[in-house]
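Novice:
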Amino acid sequence: MTVIARRLAGHLARGVVMILVVATISFFIVRSIPGDPVAANVQKLIEQGMAPEAAEQATRVLYGFQPKGTLWQQYVDYMGGLLTFDLGQSVTHAGAPVTDVLADAAKWTVLPVLAGTLLSFLVGIVMGVYAAIRRSGKLGDVLAISGSLLHGVPQYVLGLLLSAIFATLIPILPADGPVDILFEPGFNAGYIGSLVEHAVLPVATYALAAYGGWILAMKSSVVTVLGDDFILAAELRGMKRSIIFRYIARNAILPLFTILALSLGLLLGGAVFIERIFNYPGLGLLLIESITMRDYALMGGAFLLITMAIIVANIVADLFYSVIDPRVRSGEEVSA
Amino acid sequence: ACSGGTTNNSGGSGGGGGLFTTIDVARPGLDASAPANPWNPKGNAFLGYNGMKLAWVKNHLTDPNQFYPGVAANWDIAADNSSITIHVQPNAKWSDGKPVTAEDVRLSIGLAYTTGSTAFAITPGAAGAAAEVQVVDDKTVKVTQDMTNPSAKFARGVLDNWVVPAHVWGSVLPADFWDKLKTSRGEGEAADKAREEILALGQKVLAFAPPKDVSAGPFTLERVNPGEALLVKNPNFYNAANVAPAQVKFLNYSGNEQIWNYLSAGKLDHSGFIAAPPDVMNRIKQAPGSHIITGFSPVAVGMAFNQSKKPYDNVHVRRGLAYLIDRAQVTKVASPDGGTPALTTSGIHQKPAQEWIGSELSSLEPYNHDVAKAEAEFTEAGLKKQDGKWTLADGSPWKVTMHAPAGFSDWISAQENIKSQLIDNGVDAEVVTVADYPVYLEEIAAGKYDVGFWLMALGPAPYDIYQRLYGTSNGWTNVAGKVSHNAPGKGGNWMGGAEEIDVEGVGKVNPGELTAELNAASAEEAKPIMAKLAKAANQDLPVIQLWDYVNTQFTNTSRFTGWPQNDSDLLRLPAGVWIQLGMIKAKQ
Amino acid sequence: MSVLLESSSTSAAMRRNFWAGVWRVMRRKPSRLVGAVLMAGFVFMGAFGPLFYPNPLPRDVDQLTRPPSWEHWLGTDDQGRDVVALVVTGSRYVLLAALVTAVITVVLGTGIGLFSGFKRGRWDTVLMRITDMKLTIPGLPLLLVLSTVWKFSSAVQMGLVLGLLSWGGVARAVRAQTLSLRERGFIEAARGLGLSTSHIVGRELLPSMAPYIAMNMLIAITGGVYSQVGLFFLGVLPYESNNWGQMLNTAVFRSGALTVPSALGFLLGPLLAILLLTLAIVLVVDAMDEIFNPRLREE
Amino acid sequence: MITGTGVVKTFKQRGKVLGARDVQALRGVDFAIPKGGAASFIGESGCGKTTLGRIIAGLETYDEGEVAIDGVAMSGLKPKERQPHFRKIQMIHQDPYSALNPTRTIHQTLHAPLSLRARQTGRSRSWIEERAAEVLSLVGLDPGSVLARYPHQLSGGMRQRVVIARALTVDPEMLVADEAVSMIDVSLRLGILALLKDLRERLGVSVLFITHDVATARYIGDDGELYVIYRGQVVERGSVDTVIADPVHPYTQSLLSAIPVLHGLEQPGEQPVVPLESLDESRSDEGCLFARRCPFRADRCESERPLLQITGGVPQEHACFHPERRSVIARPLSEV
Amino acid sequence: MRIDGLTVVYKTTAGELPAVRDVSLTLEPGSITGIVGESGSGKSTLALSLLNAVQPPGRISAGSVEIDGLGDVVGLRGEQLRKARGKHIGYVFQAAQNSLNPLKTVGKQLLDLGRSHGVEDLRGLVREARELLGRMGLDGARVLDSHQHELSGGMRQRVGIMLALVLNAHVVVLDEPTTALDMITQANILKIVREVHAERGLTTLVITHDIGVVAEVADRLAVMYGGRLVEQGPTREVLGSPRHPYTKGLIRAIPRLVGDIDEAQALPGRPPTLATVPKQGCVFRERCALRMDVCDDVDPEAVLQGTRTVACHAVTVKEHA
Ligand SMILES: Nc1ncnc2c1ncn2[C@@H]1O[C@H](COP(=O)(O)OP(=O)(O)OP(=O)(O)O)[C@@H](O)[C@H]1O
Ligand SMILES: Nc1ncnc2c1ncn2[C@@H]1O[C@H](COP(=O)(O)OP(=O)(O)OP(=O)(O)O)[C@@H](O)[C@H]1O
Ligand SMILES: [Mg+2]
Ligand SMILES: [Mg+2]
């Protein structure tokens, strides 16, 4: 256990440094974005027919909670706020705390990502085993090439294709947001059904995009394990097929769990495309909106949250690994 | 705020009941955490539904001072625009049952001062600002104008303001607010300090969250989810008997595509204007009950020049371009359903143009697509054509670099089309986009672009129309009724046009000063000025007017009827106003 | 002397052998040939494609956003231009930027990885910490945020930024390879023989990693294509009149390709191009390993 | 030509801040190999043979003690300055597969060090080619057929010869052969051993032989010295024949006893010493390092560490409190 | 156990090549037979084919492996084959270091083994295993609780032997049981092999490239070269007076602890690989000092000569002369 504790401590220390660095980067990037939101808003109000003077005043009031003080002072404030999970207030969300806005959006990202990843993980692993067993045959080739292709193709291509096919050409599935607007939110069949129906395409996209990677990873992992002597040894000892299969599966999947945790983290960042295509109001969409609306605080917050997710995923992956792999547990270095 | 328990199409009281679904086109992304506060830009106060103004601006083609009644049942405007007396609806009540009083109006005006408003400005010398607010009796308020820099739009500035209940909002303003306001009108340090304090109050106002929505409108806010805002009928509304829907749902959306889908599925009873490509438009039209109403939208878009840059300083180059660009084609490609090609450049949207300048309109040069004329103009400007390409007089290459903000897809599409048209005719061109509209505005004002698109003809007030061409952006500033001119490149003057133009048949005019005169002029006084300005704009071409926007509204007649007709002035007001006026009826 | 003659003639023979081996490898699976042909097609398209079309592309204002037809195989865009023509002429920007991305990614990644793995010690620690950090920061969100600061005004600049953001993975992998090769006897022997570092790195390490680097280069190319097309698709980059990503953006957000089928051709054009490019690279990478391995090449 | 005194090497487990366990690979080793002389190191796996060999070849640093080449102390020199000295000592790796670069032909492999040498001494290009052919002939390979080949086209024995040839390109004064034949087929092994012996005799290069196969140590010549190493310490040292015939340290004796007897050709030694199991987990560094496994241990062994010295009237140095000759090795039947 | 005419081929780009060709060998009950051969001579392939476990692309193309009470293993399929493995034939793996699942404790793997073979009394199995381990000088309880990485090489090898024996297999095949172990551990393992063999009355086959190992433990010795058995007979006799030129050369190539080192000589040439093994004729002829014309075309038959079998034209000729 002490080994795990030690690893955890190391990871946490590194994670904190990482977060500080990312926070600093995002702070400075965000501050160097051109475009003065105040001046722009004045123009906008004037275009809407407000007298220039009034527009000026209205804008000043609106942006009253704009950053004050020198850049350094702002930086210190920002970092101080970070300690209390205070990421500032979102301009576009009427001064709501960024953390609240993010929390609201996060659920639309986390659930589909989770569902898609797990789905693809399960299917990919089964197919990966198959591809490994049939690796010298035609089927194995097809599985491997299609896996590479799916792995290679960017998410948005898959998303757009799925949407074009199943929502436009043969409109059998919705692609216009997270839920049908006419259903009363709450725990009722219609609403839940609609939620599920709307989740099909985004989840399928997440799944399809990740599936290729899983099949490839699982295939190579299984091939490696199949080549390991202990599998042949088990066979020669007359072990049951089912037991041998379990041996293969467990040893082959182990390294994949690490990737699983990491990919969950990464997908949060990659959700941008899928959310844009399927109009899912999650973190990715929030990030794009905050960028187009010049919402400094929100942009920095979303970016930081996504990075944080990855850092946490890293830590979880590693800890998970240490828990299930006895070699790591006892402090041996394993090159994974 | 989750248990509504109401189901679709449940019956309601009043004019037939039912659920009315709509979206707020100005606001993608509903915010569940935002307060029911009309001043808050994300606030859940929906114009015309649970957000009430004193009156609803008609946006009449020429008269800025026409309104539909709101909280104010009627009003008297002094002949010289020096004051307005407002009479509150006699049986108006807040949704909590308390009557709407003059005191509510006065408090709301106070709040408007803190957040900035055309009539209730604390900036010294602002045009059309109020001087005094007087509670005459329980239901009457009189507001007088500061006549040092009067504006014909004074009444509009006053009536176009929110009204909120004093018994909910009263605590937001300090007791000494009105004294402070008085101080702020003066000069010197005390006044500056008072203004600062009032501004600071503004932030408080913006952030204020009433514990419960108390509305004088036809609806009150029940709850907001991330997906929708639900409003229910306010039985205390003075015209409640004629309000048809029992509930209103504002749906959340994050992209236009979503609205297209809603509309083609017939899910929305109403949606304001959103751009849609023709095929999508057709699809929407095919939805059962789908109906499209079009009307005048007081905006046009033009291609504007920075005249401090060569060769755009030469009026012949601008005219040449005007002849060269086929506006019909541009409009067809860029905004087929949302705009009509501008007949000519007058600086005025073509609908009200007839009203303002009448027969003069036909005498303006239409700049019909004519390559020969364009080449003649270019030649006159001294440009040279070499190997089929136009170059500057000194032989250096000429490239028309047009700028547009990213995301303005109709502008970009138009520029792309113009680019192709220009290149076809030997004028090199390119399209450059800028990250977003704020940056665009900032950079265009800083004179960084040669050519850009510019919203113009912002009606209906004549001053507003021409200040887009002959206002700050072209060098003229109007402070406290005094007009001054900045040199090109200074004080936001990026158009850099001449201060005086010799207009054919009129003589030398200073268009900026003429424009400023419109501020205080009555409609009749304005007409000849407008004619002069139209001529000036047509001849001098600071911008080439490309298309006039069309106000396109989407409605669905499956559940509700009584929608406004095409070209109705109501189209420029939110559907909530149509409902509170009692027009919308549930389908039997 | 005879040895001398033989060795110079052997190098020519070796070169011949190499290409014969490559041909053997390609022939072993026909799919690899398909990949190579596709790849050549894309290179040709990027280099010469635009020469086949007039500038500006012809447009037909009566044929705005039309579905595929005989005349226009993939339909027309919102300006009435042929989508196939757009895909072909638009490839130059996309591929050029991707190439720049790949070159920078690989050069930086290999350089840093080699240096780090070869020097070890403090430099290694510092460089790898930086690399880890880089790898932890999610690329796409960072790009999105950066796109607000940076002006991506040309394909080369685009590639530059993408390249600067994507060397991390290569660096780490190359370092791992370097470390493991370092442990191999031949590197140690070279050091024992007093051979210069430049020889060891240039002649011993790099050639051993060549297939790996080449593979990374190809993958970096796809990475470059994906990110820039993606950014254009999201609409966070300045407008380009002719670019696959811009096409996607216009098709979806302006022409309603995901709402009505008429703009599907417009959408499919760039999607197909990306799919084919991915396929080409997947197939070529599949062959790469065998091409660079003298043993597999000969079998 | 090379001497070492009190060489200590400790491997620090890098990357682990807490709970790092240092490995004491060498605990003060003295050695001296004269010009043209020979030595071999034998010992169990992990006793530090390779480490010591690498230190001698200049491929590894040491923590304490001193190594001197031709009287020049190495620790005072900068790495750059050390190099020319260490170039005189060339290592022959155990694994001929990895010792040759698979992407380079034999010609290229030999060319690099030769051209460096040609540059230093101002010789012509043709010299390089001649010399390449010469060194190959020296190791018994036909240059014509070998030069253009890749390593994978050669057999293990040929590869090992190429490795030796490569070492010869720099005219070394000493070869360090680390288990140079353990991966080579039995029938070819002797050829390599004979080659090393031959090179020593003909070219006068010293040979350091590292092996766990005691019999091969005899191939360095009867004037060679045998170092028996146990846990980083030399426990017995003397001429090859003396130590094999009359070992006095119990560890040496158990090593020699463990050599299988070729029944039919040999008969077992009379006093074989079978050591206790290597219960190495509880590595105690108190007293004699071998005490825990030693069948002859006394109380003194537990508390005091014997030093390498000549006592007890035996000719070889040993580190044992109870040196006693035992006849442990098998004798040929013919001798009996 | 009788191996008769066993041929195993591997499918390569150059077609199917035999790695083991026409091997006949009888293992007497209760004896230890050793097979020596250099790398690539087909030892492991032979060992695997005894369990009908040659891995693709290899396959047994001819011959039979008869085991008392089991029949021809080559003909066994599926469940039958599986049940035979472990229960009838124990196999100790080459590089037994890696023959354990790294994620499971030895004890769990033992239980898996028991379940696979339908052992009812799992407790008894564990007891048996603990005893066996104790017998080999290990702390049984601790070892059963350990993961592979917690055991040293010698311990893992012993666990391998335990797993091969725990189901009371009476035929045991040990493929390179001591490679990669150091000398002292090797000596210990060999001692254990001998003792357990005697105690349980096993039929044991030890496969190795190290003649010393065979000499130490085996009663009978078989020499493999290029997939062929070139000589077999009682260990002492074969070592004392080898007949086949390869055996002779091999024994002469062993460096010895005493005596004149110059007597030891390497064999000329190099061992064949699968691709370079001659298709016909004697596999050894390229390196043979006694090569005759007939060797080029005719594969020498294994001829029984007293207690020994030798496959060499020269020897046969001499014998008949
Ligand atoms: N680079 C290293 N880092 C950490 N420990 C090391 C390193 N190299 C060697 N050791 C340790 O030092 C000790 C001596 O190792 P060395 O390789 O010298 O043994 P050896 O006698 O050559 O063994 P073998 O016969 O197995 O080759 C061992 O315990 C080994 O684990
Ligand atoms: N899967 C395979 N495919 C092709 N050839 C193979 C395969 N496995 C083994 N061989 C070949 O079969 C021959 C015999 O191999 P085998 O493993 O039985 O040799 P061995 O005597 O056990 O050698 P070692 O001592 O190296 O273990 C070798 O030439 C080898 O190259
Ligand atoms: Mg070693
Ligand atoms: Mg083997």
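If you're matching them up, the sequences are chains A, B, C, D and E in order.
When we follow this note's numbering, the leftmost residue of the first sequence carries the number 112, and every step to the right adds one.
When we follow this note's numbering, the leftmost residue of the second sequence carries the number 425, and every step to the right adds one.
When we follow this note's numbering, the leftmost residue of the third sequence carries the number -19, and every step to the right adds one.
When we follow this note's numbering, the leftmost residue of the fourth sequence carries the number 810, and every step to the right adds one.
When we follow this note's numbering, the leftmost residue of the fifth sequence carries the number 99, and every step to the right adds one.
Where is the CB? At the ideal position from N, CA and C, for every residue including glycine.
Can you check which of these residues, D/Asp831, D/Arg896 and D/Arg1027, is closest to D/Asp872 by C-alpha distance?
Specialist: When each option's Cα is compared against that of D/Asp872, the closest is D/Asp831.
Novice: Give the range of the beta strand (DSSP E) segment to which B/Ser721 is assigned.
Specialist: Ser714 to Phe729 is the span of the beta strand (DSSP E), which, as asked, contains B/Ser721.
Novice: Helix, strand or coil for E/Asn266, going by three-state DSSP, please let me know.
Specialist: In the structure shown, E/Asn266 sits in coil (DSSP, three-state: anything other than H, G, I, E or B).
Novice: In or out: D/Asp1108 buried (at least 16 other Cβ within 10 Å) or exposed?
Specialist: The residue is exposed, with fewer than 16 neighbouring Cβ atoms inside 10 Å.
Novice: Could you have a look at B/Val667 and say whether DSSP puts it in helix, strand or coil?
Specialist: The answer is coil: DSSP assigns B/Val667 none of H, G, I, E or B.
Novice: If you draw a straight line from the C-alpha of E/Arg292 to the C-alpha of E/Val312, how long is it?
Specialist: Cα-Cα distance, rounded: 11 Å.
Novice: In chain A, which residues lie with their C-beta within 7 Å of the C-beta of C/Leu238?
Specialist: Correct list: Ser274, Ala275, Ala278, Thr279 and Ala286.
Novice: In whole angstroms, what is the alpha-carbon distance linking C/Gly60 and B/Thr755?
Specialist: Approximately 13 Å, taken between the alpha carbons.
Novice: How is the beta strand (DSSP E) around D/Met810 delimited, first residue to last?
Specialist: Run containing D/Met810: none; DSSP gives neither H nor E here.
Novice: Count the other C-beta atoms from every protein chain shown that fall within 10 angstroms of the C-beta of D/Asp1032, then say buried if there are 16 or more, exposed otherwise.
Specialist: It is exposed - the Cβ of D/Asp1032 has fewer than 16 other Cβ atoms within 10 Å.
Novice: Start and end of the beta strand (DSSP E) containing B/Asn980?
Specialist: Its beta strand (DSSP E) spans residues Val967 to Asn980.
Novice: Would you say E/Leu327 reaches chain D, if we count a Cβ-Cβ gap shorter than 8 Å as a contact?
Specialist: No, E/Leu327 does not count as interfacial toward chain D.
Novice: According to DSSP, is A/Phe176 part of a helix, a strand, or is it coil?
Specialist: Summary for A/Phe176: the model assigns pLDDT 43, below 50, so the residue's position carries little reliability; its value from the coordinates is reported in the next sentence. Correct three-state label for A/Phe176: helix.
Novice: If we count the other Cβ atoms within 10 Å of its Cβ and call it buried at 16 or more, is A/Ile281 buried or exposed?
Specialist: Exposed, because fewer than 16 other Cβ atoms sit within 10 Å of the Cβ of A/Ile281.
Novice: Check distances from the C-beta atoms of the segment 351 to 365 of chain E to those of chain D and list, in chain order, the residues that come in under 7 Å.
Specialist: Listed by position along the chain: Ala351, Pro353, Arg354, Leu355, Val356, Gly357, Ile359, Ala362, Gln363, Ala364 and Leu365.
Novice: Nearest to C/Thr258 by CA position, among C/Gly225, C/Val205 and C/Glu270, is which residue?
Specialist: Ranking the options by Cα distance to C/Thr258, first place goes to C/Val205.
Novice: Looking at C-alpha atoms only, which residue of B/Tyr736, B/Pro589, B/Asn498 and B/Ala543 is the closest neighbour of B/Asn573?
Specialist: Answer by Cα proximity: B/Ala543.
Novice: For chain D, find out if any of its Cβ atoms is closer than 8 Å to the Cβ of C/Trp(-1); answer yes or no.
Specialist: Cβ-Cβ to chain D under 8 Å: no for C/Trp(-1).
Novice: Does D/Arg958 have its Cβ less than 8 Å from a Cβ in chain G?
Specialist: Absent from the structure: chain G. Protein chains present are A, B, C, D and E.
Novice: Run through chain E and tell me which residues come within less than 8 Å of D/Glu853, C-beta to C-beta.
Specialist: The answer, in chain order, is Asp280, Met281 and Ile282.
Novice: Near D/Gly1073, which residues of its chain fall below 7 Å by C-beta distance, leaving aside the five closest residues on each side in sequence?
Specialist: If we look at D/Gly1073 and ignore the five residues flanking it on each side, it has no Cβ neighbours.
Novice: Measuring from each Cβ to the nearest heavy atom of ligand 1, keep the ones under 6 Å and list them in chain order.
Specialist: Listed along the chain, these residues meet the criterion: D/Phe820, D/Val832, D/Ala834, D/Gly852, D/Ser854, D/Gly855, D/Cys856, D/Gly857, D/Lys858, D/Thr859, D/Thr860 and D/His1021.
Novice: Give the residues of chain E in contact with A/Arg245, contact being defined as C-beta atoms less than 7 Å apart.
Specialist: Chain E residues near A/Arg245: none, gap ~12 Å exceeds 7 Å.
Novice: Using only Cβ atoms and a threshold of 7 Å, which residues come within that distance of a heavy atom of ligand 4? Order them by chain position.
Specialist: So the residues near ligand 4 by this Cβ test are E/Lys141, E/Ser142, E/Gln192, E/Asp273 and E/Glu274.
Novice: Do D/Ala848 and D/Ile901 come within 8 Å of each other at the CB atom, strictly closer than that value?
Specialist: Cβ atoms of D/Ile901 and D/Ala848: not closer than 8 Å.
Novice: Taking 8 Å as the threshold (beta carbon to beta carbon), is E/Tyr344 in contact with chain A?
Specialist: So, not an interface residue.
Novice: Is the shortest distance between the beta-carbon of E/Ala409 and the beta-carbons of chain D less than 8 Å?
Specialist: Taking Cβ atoms only, chain D never reaches closer than 8 Å to E/Ala409, which makes this a no.
Novice: Going by the beta-carbon positions, is the gap between B/Ala551 and B/Gly936 smaller than 8 Å?
Specialist: Taking 8 Å as the Cβ cut-off, B/Ala551 and B/Gly936 do not qualify as a contacting pair.
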